[in-house]
Structure formats: C-alpha cells, structure tokens
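Numbering (my numbering), first residue to last: 869 to 1357. Here is the structure we will look at.
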C-alpha cells in the first residue's frame, strides 16, 4: 500500500500572510479615519448633509455587496493576483478621494474604494485555509482578528492627528493620501514575495450569480444604511420586502447552475455543510454592537456634553481590549476549545448588562465612574476580539480550501449585514424611545434600552455558539468510542 505524505507548508507563508493582512487592515482603517474627517470635509468642499452621508454609505454599501464576489475571484484566479488588483484599485480610488474637486467626485472615489476593498479584503482570511497547516491556523486567525482591533484604535486617532498637523497644507485630504505610500510599499515588496495561494481550482466566474448576489445584498443593505436618515420612505420598505424574494431566486439559479455542471458563485453543496448555517447566524448576531459606537457617542456628547476628542478617547479601552483579545485566543483555545466563541460573546453580553446598570445608577447628566466604565469597555472589546478568530474558524474551517474565498466573502458580508441591521434596528429603537426629547435623562434611558437590546442579541449568539461547541464535543466522544471498538479495546 502506497503511503502519501502531505506537502510541506509554504516556507514563506508568514511573510506572505503579513502582506495579505494589509488588505484586511486598510478597509476598516478607512472607515474609522473618515468619520473623524467629516467636519473638515464639509468645511473644505461645502458638502451638504446628504452628500456627507453618502461619503460614508457609498463605501459601506458597495463594500458589503461586493465581498462575496471578491472572495470568489480569489478562488478562481489566484488570491495573490486578485489581492494586488484590489490593492491597485484601492490606491487609485484613494488618490481620487485625495484630489476630489467636488463632493460628488469624493463620493465616486469612496464608491470605488468600497468595491476595490471588497476585492482585496477576503484574500487574507481565505489564505489562512490555503497556506497554513492546522497547527498554525489558530495563531493566524488571531492575528487576523487583531488587525481589526488595531484599525479601530489607529483609525480615529490617526485621522485627528493628520488633520491637526495639516501636512503640506493638505488638511482632510491627507486621510486618503496616506494610503498611497503604504500601498506602494506593499506592491513593490509584495509582488516578488507573494505567489499564488489558490487551491489550484480552475473555473469561470458566474456573472449571473455575481449580479444577483450584489442586487440581493443591495436590496437589504442600502435601505438599512439610508432608511432611518431618510425617514423610512416607501422605497426602503419595498426594497426590504423584495430582498428575500430575490434571494430565493438567486439560490434556485445557483442550484440549477451547479446541477448543470457549472461553477456557481455560491456552491450550494458547500453551503449545506453541517453547522455552517448556525455559524453564520452567530456571525449575524456578532456585530450587533455596531450601533453601540454611534449611540454611546450620542450619550457622551449630548447627555454628558463631552467634546468630540474626549469622546473618542473614551473608546480607547475598547480598542485595547479588541487588540489584546485575538492575541489571547490561542491560549484560551488550549483550555476551552470551541467554547471560546460563546465565552467571548458571553463576556460582551455581561459587560453590556453592566454598562446599562452603571448608567442607570449614575445621576442624570453626570459621567459614570471612569474606572468602572473603562473596565466595562475593555471587557466589551476583549470579548469581541476573543470571539472573532474562533467565529472565523467555525465558518471557514467547515469548507474545503477550494471554497475558502467564497466562504471568506460570505463571512465578511454577513458581519457587514450584522452591523447594518444593528444600526437600523437598535438605532431605531434608541430614537423611538428618545422621541423628541434631548434632556440627559431621556438620552440615558434610551441608551440603556439600546444596551439591553445589544445584550439580548449577543445572548442569542452565545446560545447558538454553545450548541455548536456541544456538537463538537459529542462528535469527538463518538469518534473516540468508535475508535476504541475498532481496535477491540
């Protein structure tokens, strides 16, 4: 009997992964950095409130709807090639934003940034499945998760620093142009280093599936992002009603294409993998804290009258926790295994309950105890960072490497939908409870209700995560028993 030995791992895999991580770092960085620059952009270009909103929403919406296509492109044409195409596009779009001569030129640049970011971002997550042995995947996933914590810490601070320094008189334009030297260095040093990290699968892109997936996500994402600001007009409700109908048509189209021997954008067989649907539901609840950053800023600035700069500094413990959480994941996995994700989300849930209690116990218009607040924010960030790498493993580890890009795009897109749902639904609850009032007591009460809603969503994720972890324990126990019977023990 001929024994086959697994191929040795790629010797340059860590250097390759470091290059690919730039694609995971730049998209969240550009989201956070632009939030800080909006007042300066409004003063420099004279943007209206609608154009200002479009600077954020054009990027967020197109990023979310293109992620699945971007991941699948990496599967079919090679992740290194697709990564560099996305990075070059992102660099060109950043240049367009930096030299924008009108509000709508800036919006166009942001739209191109969103599309190109979605092309390069999934390649880092997909490469973990393709180039790392099983023993190194937990550490790689932890570093991947830490990138998001680092982006959240650096983004807002860097935006404020660049605008304050006013380098070469660029003002707000520097927040976009700073991407250029970073991208150029990665292109110069990365192209000779990075080789193909695809699984060797050939095929053609599914243009019909690509269009249908983007339309389906757009029908869901756009009204969630724009609906509340626009007062929930009729088109937003029509769009939300049509989304599940088009999703059903999209699924049937992909199933027929697979049966005909084609290469669907979303492989139905891979998506039927046991436990994958439940893991994606956990991802849908994972970023229910998306509304927290907006609503807590409203509480700080409108109820406590904290300056914008000081409000940003309040979030630093969260950023520190989100950075340290992923780096601690390998240690926690050695002791808790697949229970790490519900453990992290459970810590978040407990911290949100504690935050709601702390604010309710604080006199109206008075800042909560700073040490207690910092500890709770750190726990929220640490729990989020602790749970993210394990969640990505729960999703991407269930499919073959040939579909790693597809599932990476689906996972990232699900997290974007989770954020949009949180902002729309929990943000809507906050403003409904607030009504027309703007006094500190009303704002504090509305935020407490929102914090409890976030805790409930995280609790649902904890329950789902516990069922998946328990299934893994049962399956491992049955495997040991079966092995013992086979060997006659």
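Glycine included, C-beta positions come from ideal geometry on N, C-alpha and C. Since the model is a prediction, treat every value here as computed from it, not as a measurement.
Task: Whether residue 1274 touches residue 1138 by CB criterion (8 Å) - done: In this structure, residue 1138 lies closer than 8 Å to residue 1274 by Cβ.
Open item on the list: Using only the alpha-carbon positions, how far apart do residue 1229 and residue 1315 sit?
Closed with: If I take the Cα positions, the gap works out to 13 Å.
Open item on the list: If the criterion is Cβ atoms closer than 8 Å, does the pair residue 900 and residue 1042 meet it?
Closed with: Not in contact: residue 900 and residue 1042 (Cβ atoms no closer than 8 Å).
TODO: Tell me whether residue 1267 sits in a helix, a strand or coil according to DSSP, three-state version.
DONE: It is coil, neither helix nor strand.
- [ ] Below 8 Å on the Cβ atoms is my guess for residue 1294 versus residue 1156; work out the distance and round it to an integer in Å.
- [x] Yes, they are in contact, since the Cβ atoms of residue 1294 and residue 1156 sit about 7 Å apart, within 8 Å.
Task: residue 1314 CB to nearest heavy atom of the ligand MG below 7 Å - done: The ligand MG is not part of this structure, which contains no ligands at all.
- [ ] Would you check if there are 3 or more beta carbon pairs closer than 8 Å linking the segment 907 to 914 to the segment 954 to 974?
- [x] As far as the Cβ criterion goes, the segment 907 to 914 touches the segment 954 to 974, which means the pair count is three or higher.
Task: Local conformation of residue 1234 per DSSP, three classes - done: Correct three-state label for residue 1234: coil.
- [ ] Kindly indicate the opening and closing residues of the alpha helix (DSSP H) around residue 994.
- [x] Following the DSSP letters along the chain, one finds residue 994 inside the alpha helix (DSSP H) bounded by residues 971 to 999.
Task: Assigned exposure category for residue 1079 - 16 Cβ within 10 Å defines buried - done: Burial call: exposed.
Task: Distance between residue 994 and residue 979 (C-alpha atoms, nearest Å) - done: Whole-angstrom Cα-Cα distance: 24 Å.
- [ ] Given a cut-off of 8 Å, decide if residue 1141 and residue 1114 are closer than it, judged by their beta-carbon atoms.
- [x] Against a cut-off of 8 Å, the Cβ pair of residue 1141 and residue 1114 comes out as no contact.
Open item on the list: Short of 6 Å in beta carbon distance, which residues of its chain neighbour residue 986, apart from the five on each side in sequence? Order them along the chain.
Closed with: If we look at residue 986 and ignore the five residues flanking it on each side, its Cβ neighbours are 931, 934, 935, 938.
Open item on the list: For residue 880 and residue 888, I'd like the C-alpha separation in whole angstroms.
Closed with: Going by the C-alpha atoms only, they are around 12 Å apart.
TODO: Out of 892, 893, 891, 923, state which residue places its alpha-carbon closest to the alpha-carbon of residue 905.
DONE: Taking only the C-alpha atoms, the option nearest residue 905 is 923.
TODO: Mind the definition here: the segment 1212 to 1221 touches the segment 1317 to 1332 only if three or more C-beta pairs lie below 8 Å; say whether that holds.
DONE: Cβ pair count under 8 Å is three or more, so yes.
Task: Same chain only: Cβ atoms within 6 Å of residue 1220, ignoring 5 sequence neighbours per side - done: So the qualifying residues of the chain are 1319, 1322, 1323.
Open item on the list: Taking the alpha carbon of residue 1286 as the reference point, which residue from 1247, 1297, 1326, 1266 has its own alpha carbon closest?
Closed with: For residue 1286, the closest of 1247, 1297, 1326, 1266 by C-alpha to C-alpha distance is 1326.
Open item on the list: Please give the ranges of any alpha helix (DSSP H) in the segment 1033 to 1059, keeping only runs that are unbroken, at least 4 residues long and fully inside the region.
Closed with: Listed in chain order, they are 1042 to 1045.
Task: CA-to-CA distance, residue 1196 to residue 1211, given in whole angstroms - done: So the alpha carbons of these two residues sit roughly 13 Å apart.
Task: Contacts around residue 1008, its chain only, beta-carbon distance under 8 Å, and the 5 residues preceding and following it disregarded - done: Closer than 8 Å at Cβ, skipping near neighbours: 885, 996, 1000.
Task: residue 1183 classed as buried or exposed, judged by whether at least 16 other C-beta atoms fall within 10 angstroms - done: Under this definition residue 1183 is a buried residue.
TODO: Just confirm the distance between the C-beta atoms of residue 1290 and residue 1193, as a whole number of angstroms; I'd bet it's less than 8 Å.
DONE: Not really, about 19 Å apart at Cβ, beyond 8 Å.
Task: C-beta contact flag for residue 1148 and residue 1282 at 8 Å - done: Taking 8 Å as the cut-off, the Cβ atoms of residue 1148 and residue 1282 count as close.
- [ ] Give a yes or no on contact between the segment 1223 to 1237 and the segment 1102 to 1116, applying the rule of three or more CB pairs nearer than 8 Å.
- [x] No: the two stretches stay apart, fewer than three of their Cβ pairs being nearer than 8 Å.
TODO: From the DSSP output, in three-state form, read off residue 1261 for me.
DONE: In the structure shown, residue 1261 sits in a helix (DSSP, three-state: H, G or I).
Open item on the list: Mapping the DSSP letters down to three states, classify residue 1175 as helix, strand or coil.
Closed with: Coil, per DSSP.
Task: Residue from 1059, 1048, 1235, 1205 whose Cα sits closest to the Cα of residue 958 - done: Per the C-alpha coordinates, the member of 1059, 1048, 1235, 1205 positioned closest to residue 958 is 1048.
Task: Host alpha helix (DSSP H) of residue 1170 (start-end) - done: From DSSP, residue 1170 is part of no alpha helix (DSSP H); its letter is neither H nor E.
Open item on the list: If distances are taken between C-alpha atoms only, which option among 1136, 1200, 1288 comes closest to residue 1093?
Closed with: Residue 1093 has its Cα closest to that of 1288, out of 1136, 1200, 1288.
- [ ] Name the residue from 893, 1185, 1249, 1271 whose alpha carbon lies nearest to the alpha carbon of residue 1015.
- [x] It is 893.
Open item on the list: Suppose you measure from the CA of residue 946 to the CA of residue 1244; what does that come to, to the nearest Å?
Closed with: Answer to the nearest angstrom: the Cα atoms are 43 Å apart.
- [ ] Would you please state the rounded distance, in angstroms, between the beta carbons of residue 1254 and residue 1208? I believe it to be under 8 Å.
- [x] Rounded, the Cβ-Cβ distance is 6 Å, consistent with contact.
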